[in-house]
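Asker: Here you go, one structure.
There are 2 protein chains.
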Amino acid sequence: MITKKITSLEVAKLAGVSQSAVSRVFTPGASVANKTKEKVRSAATKLGYRPNILARSLITGKSRIIGLVVAHLDNYFYPEALELLSNALQKKGYHVLVFMATKTAGNIDDIVDEILDYQVDGIILASVAMSSNLASRCAAAGVHVILFNRTQDDNRLSTVTSDNLLGGGKVAKFLIAGGHKRIAYIAGWEGASTQRDREDGFVDELKQQGRSLYAREVGNYIQDDARQAARKMFTNDEIPDAVFVASDDMAFAVMDVIRYELGLKIPEQVSVVGYDDVPIASWPAYDLTTVRQPANRMVAETVSIILESIEDPDTKPRRIQIDGPLIMRGSTRISNNASMEN
Amino acid sequence: MITKKITSLEVAKLAGVSQSAVSRVFTPGASVANKTKEKVRSAATKLGYRPNILARSLITGKSRIIGLVVAHLDNYFYPEALELLSNALQKKGYHVLVFMATKTAGNIDDIVDEILDYQVDGIILASVAMSSNLASRCAAAGVHVILFNRTQDDNRLSTVTSDNLLGGGKVAKFLIAGGHKRIAYIAGWEGASTQRDREDGFVDELKQQGRSLYAREVGNYIQDDARQAARKMFTNDEIPDAVFVASDDMAFAVMDVIRYELGLKIPEQVSVVGYDDVPIASWPAYDLTTVRQPANRMVAETVSIILESIEDPDTKPRRIQIDGPLIMRGSTRISNNASMEN
DNA sequence: ATATTTTTTGCATACGAATGCAAATACTTA
DNA sequence: TAAGTATTTGCATTCGTATGCAAAAAATAT
């Protein structure tokens, strides 16, 4: 198989112009006469020429590649975000280089190092944090870093999240208003800012109303752990009459345990609330009340921050929090009197 | 923000050697004395030097980037595959550049053109086909193309799929053996080879046993369409007593319609079978009988083909079909007498 | 010790495209 | 028509790294 690469030089020859001219034709805003533009264009299509992005980036210092680190593709929120993200960047002429963070080790730093090797124009960390040391490295390399769906106290990083504190509060208000007495919480991974904020917002609002958590278990944002947590939580004689689960993904697992292992009715005996509003939450089999994370708006903000920071390297990091509504569905009861059923 | 890039030249200066020496230290298998290797290494870490992959690829002609085109991240099979794929390639020092195929147009060709701009070492098309013309372009560029979960009659392309024909047959056998009389099918997108093969395998086996399709609708591998299809299919007086849905993703939507809109019992009144065995299929709420597509083995084959073709550009395209088992769960009845319930 | 082989090193160049600069051409204006 | 201005063009260089080649150094054999 003979591989012949067509370079700008060959196009130049065929078109009877210099290599510079060819380059200018493919560089938006460069000075070229219409006549030569046409000559070059036709020669280029005849040969099937397309500029080599890698060679170009060597000069310009821009690769049009955005590095993306993802950990939890099994949580449907992330594929959705990835799809939106990739589409949005694609429209702007950028593309996403994917790096999976193995769930085991905290090897994010190594991964980010690898990313930097590709001379990316920006880095998005989805649901993942990085060491302060690495943040410096990225800053030094002039690469803007955005944490997506996670925050971290480092003013060199931009962050885009939903308003988890507020969201947690909304859930508490809603459950209390629904007449629930024994309100429980199943936590996500405790190293995650989303977990912390959701719980803080939830518990603070409970306190505000003179209430406190009836039970608490940890699900680590992992379905298996969430199942365990649910089993543990619902084996006492007085089970909770409402449980807020830190993510939809875990909430589905919890609902399955409640219904199919313990034989309890949702919402008659237990109300369940999730967080994220992934598509499955609206499926009738779950019909889960949940706080929506507006993935599209979060992505839009992320993209605009990234692009801005590429155009102007002196852009200051930003911290965006997007409010999301509580979506009320059938996994929770609303009336006070229903509580007498227990 | 002052951005200083550390190049091999600066490392060379600090280490008191030539730039070539530095390069050789970072090129596996190159000839360097241990002593200089150490000098360079320490200088490199001191400066935080890492080779610029893009510059390197300009010379070597290898970018260590694999282009991946995905269309249906909303079907859980693909995020799973993406995760496995990315992880496997990562281990081999490659990374995945993602391109979303917008579901609307058949603009795959444009996308592949963009991919080629990045000088990728290989291309994986997940659930997507390409024009014969483009296949030539890729061949000319020396870029090996693999269709993942799709086939196409073009001997320049490698393909990796499950054995959809066999899988469809297994479903037919199973449903007949279960005593079902009115067996229906909800098709995927009719342009897809997976759809064609699954249906052919299914229908052929029915014929083999002297049976034929009782009803057929098209769901296009889209949940909304599948819902419509289900509504249409189950509004006759004599509804099917079994339906094979061409993908799990659609099957969930179909089950929801059957249960929550039509109030029918699964499997007592209708058996439902899917295809893919995505994780949700095993959730108790669906407990879906389905044909497993062994994502891990499909990915392993894909990766090995890609890597082989990179090492040896003369590798011939391969066509792999992987057999997957029928996973029997609760969405189907097995006993013959149960059929009398209808 | 010298001759010979092997290993290591630096020099110079190449990869493909972008760009500052100056020369050449085209266009205005008087 | 000549002088002046604006637009195009090509030359030469640059980005950061890899590599063929020949020179230098080290290791081995005689």
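Line by line, the protein sequences give chains P and Z. The first sequence finishes on residue 1117 if you use my numbering, and the numbering steps up by one all the way, no holes. The second sequence finishes on residue 1117 if you use my numbering, and the numbering steps up by one all the way, no holes. Cβ atoms here follow ideal geometry from the backbone N, Cα and C, with glycine treated the same way.
1) Using only CA atoms, which one of P/A1001, P/G942, P/I1085 and P/Q984 lies nearest to P/T835?
2) Quick one, which of P/A1017, P/D1052, P/V797 and P/N882 has its alpha-carbon nearest P/I1102's?
3) Can you tell me whether P/E980 is buried or exposed, with buried defined as 16 or more other CB within 10 angstroms of its CB?
4) Listing by chain order, which chain Z residues have their CB less than 9 Å from the CB of P/F1027?
5) Report the option in Z/L859, Z/K814, Z/K812 and Z/S793 whose CA atom is closest to the CA atom of Z/A1070.
6) Rounded to a whole number of angstroms, what is the C-alpha to C-alpha distance between Z/L932 and Z/V844?
7) Is any heavy atom of the ligand NAD found at a distance shorter than 7 Å from the C-beta of Z/A904?
8) Quick one: is Z/Y1061 buried, meaning 16 or more other Cβ sit within 10 Å of its Cβ, or exposed?
9) Could you confirm whether any beta carbon from chain Z is found closer than 8 Å to the beta carbon of P/D1031?
10) Could you give the first and the last residue of the continuous alpha helix (DSSP H) run that contains P/A1137?
11) Does the beta carbon of Z/L857 sit closer than 8 Å to a beta carbon anywhere in chain P?
12) Comparing the C-beta of Z/S861 with each C-beta of chain P, is any distance below 8 Å?
13) Since Z/F1096 is in the beta strand (DSSP E), which residue starts that stretch and which ends it?
14) Contact between the segment 944-961 of chain Z and the segment 1005-1020 of chain Z is defined here as three or more beta-carbon pairs at a separation below 8 Å; is this criterion met?
15) Can you say whether Z/L909 is buried or exposed, counting buried as having 16 or more other CB atoms within 10 angstroms of its CB?
16) Just confirm the distance between the C-beta atoms of P/Y893 and Z/I828, as a whole number of angstroms; I'd bet it's less than 8 Å.
17) Measure the CB-CB distance between Z/S882 and Z/D1024 and report whether it falls below 8 Å.
18) Sort Z/N924, Z/L864, Z/H919 and Z/D1098 by Cα distance to Z/A904 and report the nearest one.
19) Just list the residues that DSSP pairs P/D1051 with in beta bridges.
20) What residue from Z/G953, Z/V800 and Z/M875 has the CA that sits closest to Z/S1110's CA?
21) Hey, quick one: how far does the alpha helix (DSSP H) through P/T835 stretch, first residue to last?
22) Excluding the five sequence neighbours on either side, which residues of its own chain have a C-beta within less than 7 Å of the C-beta of Z/P1092, listed in chain order?
23) State the start and end residues of the unbroken beta strand (DSSP E) segment that holds P/E1043.
24) Taking P/L848 as part of the beta strand (DSSP E), name the residues at either end of that continuous run.
25) So which residues of chain Z does P/L784 contact, with C-beta pairs closer than 9 Å?
26) How far does the alpha helix (DSSP H) with Z/T811 in it extend, from its first residue to its last?
27) Quick one: Cα of Z/I1041 to Cα of Z/A1056, how far?
28) 8 Å is my cut-off, CB to CB: does P/N827 come that close to chain Z?
29) Based on Cα-Cα distance, which residue from Z/T1010, Z/S1106, Z/R1104 and Z/I1095 lies nearest to Z/I921?
30) Note down, in chain order, every chain Z residue with its Cβ under 9 Å from the Cβ of P/A1070.
31) Among P/F801, P/S817, P/I898 and P/S793, which has the Cα closest to the Cα of P/I1081?
32) Which residue marks the beginning of the beta strand (DSSP E) containing P/S798, and which one marks its end?
33) List, in order along the chain, the chain Z residues whose C-beta lies closer than 7 Å to that of P/V920?
34) Alpha carbon to alpha carbon, how far is P/Y853 from P/A901? Give it in angstroms, no decimals.
35) From the beta carbon of P/M774, is the nearest beta carbon of chain Z less than 8 Å away?
36) Secondary structure at P/T926, three-state DSSP: helix, strand or coil?
Answerer: Taking the geometry as given:
1) P/I1085
2) P/D1052
3) buried
4) I1055, W1058 and A1060
5) Z/L859
6) 15 Å
7) Absence of the ligand NAD from the depicted structure is noted, as is the absence of any ligand whatsoever, leaving it without description.
8) buried
9) yes
10) The shown model of chain P, from 776 to 1117, leaves out residue 1137 of chain P, and the question about it has no answer.
11) yes
12) yes
13) According to the sequence provided, residue 1096 of chain Z is Gln. The question's Phe does not apply to it. Run containing Z/Q1096: R1094 to I1097, per the beta strand (DSSP E) assignment.
14) yes
15) buried
16) 5 Å
17) It should be noted that the sequence gives Asn, not Ser, for residue 882 of chain Z. Contact flag unset, no.
18) Z/N924
19) P/R1067
20) Z/G953
21) I828 to T835
22) N930, R931, L932 and S933
23) Here P/E1043 belongs to no beta strand (DSSP E), and DSSP marks it neither H nor E.
24) P/L848 -> no beta strand (DSSP E), and no H or E assigned at all.
25) What P/L784 touches in chain Z: nothing, since even the nearest Cβ is about 15 Å away.
26) N809 to L822
27) 14 Å
28) yes
29) Z/I1095
30) Correct list: empty, because the minimum Cβ distance to chain Z is about 12 Å.
31) P/I898
32) Per DSSP, P/S798 belongs to no beta strand (DSSP E); it is in the alpha helix (DSSP H), Q794 to V800.
33) None at all; the shortest Cβ gap to chain Z is about 13 Å.
34) 8 Å
35) The requested residue 774 of chain P is not part of the displayed model; chain P covers only 776 to 1117.
36) coil
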